[in-house]
Structure formats: C-alpha cells, structure tokens
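Heads up, the thing below is written out as structure tokens.
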Amino acid sequence: MDGVSEAFDARPRRLTVLGATGSIGRSTLDMTARLGAACEIVALTGQSNVALLAEQAIAHRAALAVIGDEALYADLKAALAGSGVEAAAGARAIEEAATRPADWTMAAIVGAAGLRPTLAAVRQGNTVALANKECLVCAGALFKAEVAASGATLLPVDSEHSAVFQALDDPACSGVERIVLTASGGPFRSFTAAELRSVTPEMAMRHPTWAMGAKITVDSATLMNKGLELIEAFHLFPVNADQLGVLVHPQSIVHALVHYRDGSVLAQMSCPDMRTPIALSLSYPRRMEAPVRRLDLAAIGALTFEAPDEARFPCLRIAREALAAGGSSPLILNAANEVAVAAFLAGRLSFPGVAALVERVLDALALDAGAPPPDIMAVLDLDAKARRFAETALQQTAAGAAA
Ligand code: NDP
Ligand code: MG
Numbered sequence: 003m004d005g006v007s008e009a010f011d012a013r014p015r016r017l018t019v020l021g022a023t024g025s026i027g028r029s030t031l032d033m034t035a036r037l038g039a040a041c042e043i044v045a046l047t048g049q050s051n052v053a054l055l056a057e058q059a060i061a062h063r064a065a066l067a068v069i070g071d072e073a074l075y076a077d078l079k080a081a082l083a084g085s086g087v088e089a090a091a092g093a094r095a096i097e098e099a100a101t102r103p104a105d106w107t108m109a110a111i112v113g114a115a116g117l118r119p120t121l122a123a124v125r126q127g128n129t130v131a132l133a134n135k136e137c138l139v140c141a142g143a144l145f146k147a148e149v150a151a152s153g154a155t156l157l158p159v160d161s162e163h164s165a166v167f168q169a170l171d172d173p174a175c176s177g178v179e180r181i182v183l184t185a186s187g188g189p190f191r192s193f194t195a196a197e198l199r200s201v202t203p204e205m206a207m208r209h210p211t212w213a214m215g216a217k218i219t220v221d222s223a224t225l226m227n228k229g230l231e232l233i234e235a236f237h238l239f240p241v242n243a244d245q246l247g248v249l250v251h252p253q254s255i256v257h258a259l260v261h262y263r264d265g266s267v268l269a270q271m272s273c274p275d276m277r278t279p280i281a282l283s284l285s286y287p288r289r290m291e292a293p294v295r296r297l298d299l300a301a302i303g304a305l306t307f308e309a310p311d312e313a314r315f316p317c318l319r320i321a322r323e324a325l326a327a328g329g330s331s332p333l334i335l336n337a338a339n340e341v342a343v344a345a346f347l348a349g350r351l352s353f354p355g356v357a358a359l360v361e362r363v364l365d366a367l368a369l370d371a372g373a374p375p376p377d378i379m380a381v382l383d384l385d386a387k388a389r390r391f392a393e394t395a396l397q398q399t400a401a402g403a404a405a
C-alpha cells in the first residue's frame, strides 16, 4: 500500500463516487452520508440508471452527476432541473468527472470500463478506494506505476483484500509465507457437473451470502471472481503468485488469512456486508461507526472450510494459470469473461460455457498474451480484440448448436 490517508481529519472532504448507482456505489453513499455535513460530493456517475443517479445527486447535494449513456443526457438534465446539480453524459464526461479535485474517490464502475476513470482519479494523487478489481487484472503493472508516480493512496475495498490489508503487520510482506483468500463457493458449491449444465441466470443471481451487482454475482458462482481476486492480490501485495491461495468458506465470515513464517495466522472477520470495508476506506487509518450486523460467533456456531474444486469450477484454474503465465493473459481473461458473463445473463451461453469460452479465447490469442501491454492504449486495443474474438466464438458456438 502506498502511504497513509490523512484525509479523515482534514474535513471538509471532497468525495467522488464512480459507479454510484451500483451495489457498491449505493453502499458507499450510505456511508458517506454518515460522515456529516462537512463532506461534499464532487461527482456521482452511473451508466444508465438516470432516475437513481438524479435522486442520489439531489439527496447528497452533488455538484455534478454524469450518466455514461449519452442518449440519456436529456433525461438526466430534466430530472435535475432546478436542483443546481450540473449534468453531463458520456464516457469522456465520466473520465473528466474523475479529474475534478477530490480528496477521496470510490472506484466502483464494473468491468474494464472502470479503467480510464479510475486512472484519472489516481492521477490526482489523493485517496482512491478501489472496488473495481478489473483495473488491476487488466493493467496491474501500469496501474501501479501510475499510483507510484502520482503518490496516490490506494485502499482496497474488495472484502478479501481489505482483510489482507488489515491482517498484514508489514506492507512489505516480510515474514509472510502465504495469503489465502476465502470464497463462499457460490450458490452451486455442492452441484454436480451434470447439475451445473442446467444452471440458469436466475439461479446464479441468488448468491447465498452477498448482495452484489449482476456481473460479480455470476463471477462468484463460476469462481472466476476468486480467480480475478488472486490477480488483484498479486498486484496489491508484494508476494509471488505461488504464495496466494483460495479456501472455500461458505459462511463468508473470515475474509482472508495471512500466514506468517513463525506459524502464526492472522485473519479478519466480519459479517458479509460491504459497508465494513467501505467504512475502513473512508476512515482509514481510524475506524468509523458502520450500521452492519455485529458478528455473533456463538449464534453462528461453526465456521467451515474446504479446498476449492477446480474440476467443477474451472474458471478458478484458468485465472490461476493466467496469473502464472503473466504478460497480457489476465487482460485477455478478463475481456473474454466479461463477454461470456453478459452472454450467460442474456441466455446465449450455458453456465459451463463461460469457462469454455474464456479458455478458447486465451488459447486463440496466445501469441498476443506473451508480453504485458506497454501502455493504456495497448490495453484498450487488446481488450477490444479479445472481446471481438469472444463474440465471434460465441456466434460460432450458437451456429454449431443450431446446426
Ligand atoms: P453494479 O453492477 O451493481 O454497479 C456497477 C456500476 O457501474 C453502476 O453504477 C453502473 O451504472 C456503472 N456502469 C456499468 N457499466 C458502465 C460503463 N460501461 N461505464 C461506466 N459506468 C458503468 O456492480 P457492483 O457495485 O456490484 O460492482 C462494482 C465493482 O466493484 C466491480 O468491479 C466488482 O467486481 C467490485 N466489487 C463489488 C462487490 C460487491 O459486493 N458488489 C464486492 C467487491 C468488489 P448503472 O447502474 O447505471 O448501470
Ligand atoms: Mg471479494
């Protein structure tokens, strides 16, 4: 981690929430509202949910509201009429919003679409609370170089990485033998391979412990989420890929464990509610009150753990292999997975088809995967190429199935 946020004492604080209308964005505004009137909201962004964005911007007295879909600009303008909130639209306007001076920015846009706005926030050199894991998966080295160059403080919001951050006694990870991220196992933890073939999007959206956006909920069901998180952890903490592991823990109470070389293991526990890691990112290095259920271990009774089954959930293996391969493999993995998840949610791809499509794209673009992308334009180019290839492969699969 880079530096320590002093911002909590330096009120009034200027806050921006990228992806305000999403699951993390809504939880974030719930917490920022508790910081008191001294805090001001610089900008809120969403992609298509104009009604909620306008409501949030008015309720939280934001200076600026940006909707990503340009076709919705007139709707946003109308919804904000008379409120004094400035309206803007388009991907560039989201990026521009991220450049407006803010002491603290929540990066909670889903997917690789979050990369440019999050980098714009990083370049301010202030605090960035990072929920968008895809940024680090797509462009980890470039992203970290920008953090180092700007002197920004990056605080992990993903619950497992927030847990590791809290359990580390030394940011240099000296004495750390192993970092283990836990996974709930998702709704299909005990499904057979045959049962997994008939999983529907509705079934995948019923996560047993966490309430989240659609994409990460599917990623949690395939265990790709844990694979993306291994790559995220690799970039956040100075350890080797083979020091990172995964443990299935269906209760989602222990979020990560740090094993030290003296045999000691430090773990972080909390009820599964993203407002806990969001609160820490807002109050760090202190603690603020969060309205979350308190942990009652006597009532829970037992915490259980098991090894992940990579045969039934191959996405975890594929992501682990992409991390080990390095270069641009994680970038291709992420792009293919975004296409595959959207296709699964649209009923165009089976549940096992998600892993199969991702692996097919990685195999086909093996020549592109050798070296890490040299700059952000190269990241975006290869991301687009992998998406195009995934889309073509998807159409071929559909045509093959219909024939
Ligand atoms: P949601 O789908 O609930 O929200 C995503 C947000 O991004 C919304 O504000 C959405 O706008 C906006 N958005 C969608 N597409 C674009 C785009 N192309 N350009 C700009 N903005 C866009 O996702 P979550 O809140 O669940 O997740 C956000 C990020 O945080 C993800 O990277 C996820 O992996 C990570 N994360 C989430 C956790 C959770 O508990 N939800 C836990 C840990 C990490 P609109 O609503 O208008 O569509
Ligand atoms: Mg997580």
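Read in the working numbering, the sequence shown has 338 at position 336, and its numbers run on one by one without any break.
Each residue gets a CB set at the ideal place from its N, CA and C atoms; glycine is no exception.
Quick caveat, the model's predicted, so the values are computed rather than measured.
Could you pull the start and end residues of the beta strand (DSSP E) that residue i belongs to?
{"i": "Q270", "result": "V267 to M271"}
{"i": "A155", "result": "First, the amino acid is wrong: residue 155 is Thr here, not Ala. T155 -> beta strand (DSSP E) spans T155 to P158."}
{"i": "T129", "result": "T129 to L132"}
{"i": "I43", "result": "E42 to G48"}
{"i": "L318", "result": "First-last for L318: P316 to A327, but that is the alpha helix (DSSP H), not the beta strand (DSSP E)."}
Quick one: grab the DSSP three-state call for residue i.
{"i": "M108", "result": "strand"}
{"i": "D4", "result": "Residue confidence is low: D4 scores 35 on pLDDT, short of 50, so the model does not pin down where it sits. Its coordinate-derived value is still stated next. It is coil, neither helix nor strand."}
{"i": "H261", "result": "strand"}
{"i": "E291", "result": "coil"}
{"i": "T211", "result": "coil"}
{"i": "A67", "result": "strand"}
{"i": "R16", "result": "strand"}
{"i": "G349", "result": "coil"}
{"i": "G27", "result": "helix"}
{"i": "V182", "result": "strand"}
{"i": "L297", "result": "coil"}
{"i": "G372", "result": "coil"}
{"i": "L198", "result": "helix"}
{"i": "E312", "result": "coil"}
{"i": "G247", "result": "strand"}
{"i": "V256", "result": "strand"}
{"i": "H163", "result": "helix"}
{"i": "Y75", "result": "helix"}
{"i": "M276", "result": "coil"}
{"i": "V220", "result": "helix"}
{"i": "T394", "result": "helix"}
{"i": "A9", "result": "With a pLDDT of 44 at A9, under the threshold of 50, the modelled position of that residue is not reliable, and the figure given next carries that caveat. The answer is helix: DSSP assigns A9 an H, G or I state."}
{"i": "S192", "result": "coil"}
{"i": "D32", "result": "helix"}
{"i": "D377", "result": "coil"}
{"i": "A400", "result": "helix"}
{"i": "G113", "result": "coil"}
Grab me the residues of residue i's own chain with a C-beta within less than 7 Å of its C-beta, minus the 5 sequence neighbours each way, in chain order.
{"i": "E8", "result": "Because E8 carries a pLDDT of 45, less than 50, the predicted location of this residue cannot be relied on, and the following value inherits that uncertainty. No residues qualify anywhere along the chain."}
{"i": "S331", "result": "A324, L364 and A371"}
{"i": "E308", "result": "V250"}
{"i": "G113", "result": "E136, K217 and E340"}
{"i": "A366", "result": "F391"}
{"i": "D275", "result": "V294 and R295"}
{"i": "R362", "result": "A395"}
{"i": "N51", "result": "T23"}
{"i": "L31", "result": "V19, A22, Q58 and H62"}
Give the range of the alpha helix (DSSP H) segment to which residue i is assigned.
{"i": "P203", "result": "P203 to A206"}
{"i": "G86", "result": "From DSSP, G86 is part of no alpha helix (DSSP H); its letter is neither H nor E."}
{"i": "G142", "result": "E136 to S152"}
{"i": "S330", "result": "Note, S330: premise wrong, no alpha helix (DSSP H); not H, not E."}
{"i": "H62", "result": "From DSSP, H62 is part of no alpha helix (DSSP H); its letter is neither H nor E."}
{"i": "G229", "result": "M226 to L238"}
{"i": "R125", "result": "First-last for R125: undefined, no H or E at that position."}
{"i": "T94", "result": "Note that residue 94 corresponds to Arg in the displayed sequence, not to Thr. Run containing R94: A93 to T101, per the alpha helix (DSSP H) assignment."}
Please return the same chain residues whose Cβ sits closer than 8 Å to the Cβ of residue i, not counting the five positions on each side in sequence.
{"i": "L359", "result": "A338, V341, A342, A345, L351, A392, A395, L396 and T399"}
{"i": "T34", "result": "L17, V19, C41, I43, H62 and L284"}
{"i": "L297", "result": "I255, M271, S272 and C273"}
{"i": "I302", "result": "Q253 and I255"}
Compute the beta-carbon to beta-carbon distance between residue i and residue j, rounded to the nearest angstrom, for a pair I have assumed lies under 8 Å.
{"i": "S161", "j": "H257", "result": "5 Å"}
{"i": "D71", "j": "Q49", "result": "6 Å"}
{"i": "T278", "j": "A300", "result": "With 8 Å as the limit, T278 and A300 do not qualify as a contact, their Cβ atoms being about 20 Å apart."}
{"i": "V159", "j": "A133", "result": "4 Å"}
{"i": "G329", "j": "P287", "result": "No, G329 and P287 are not in contact; Cβ-Cβ is about 36 Å, not under 8 Å."}
{"i": "F145", "j": "I181", "result": "No, F145 and I181 are not in contact; Cβ-Cβ is about 19 Å, not under 8 Å."}
Starting from the C-beta of residue i, find all residues in its chain whose C-beta is less than 6 Å away, skip the five residues before and the five after it, and write them out in chain order.
{"i": "S25", "result": "M214 and G215"}
{"i": "T224", "result": "C317 and V356"}
{"i": "E88", "result": "L66"}
{"i": "E231", "result": "E162 and L183"}
{"i": "V6", "result": "Bear in mind that the predicted position of V6 carries a pLDDT of just 34, short of 50, making it unreliable; the figure below should be weighed with that in mind. Same-chain partners within the cutoff: P287."}
{"i": "A206", "result": "V220 and A223"}
Could you check whether the Cβ of residue i sits closer than 8 Å to any heavy atom belonging to the ligand ZN?
{"i": "N227", "result": "The ligand ZN is not part of this structure, which contains only the ligand NDP and the ligand MG."}
ask   = Below 8 Å, can you find three or more Cβ-Cβ pairs linking the region 140-150 to the region 169-178?
value = no
ask   = Is there contact here, the region 102-114 with the region 193-204, by at least three beta-carbon pairs under 8 Å?
value = no
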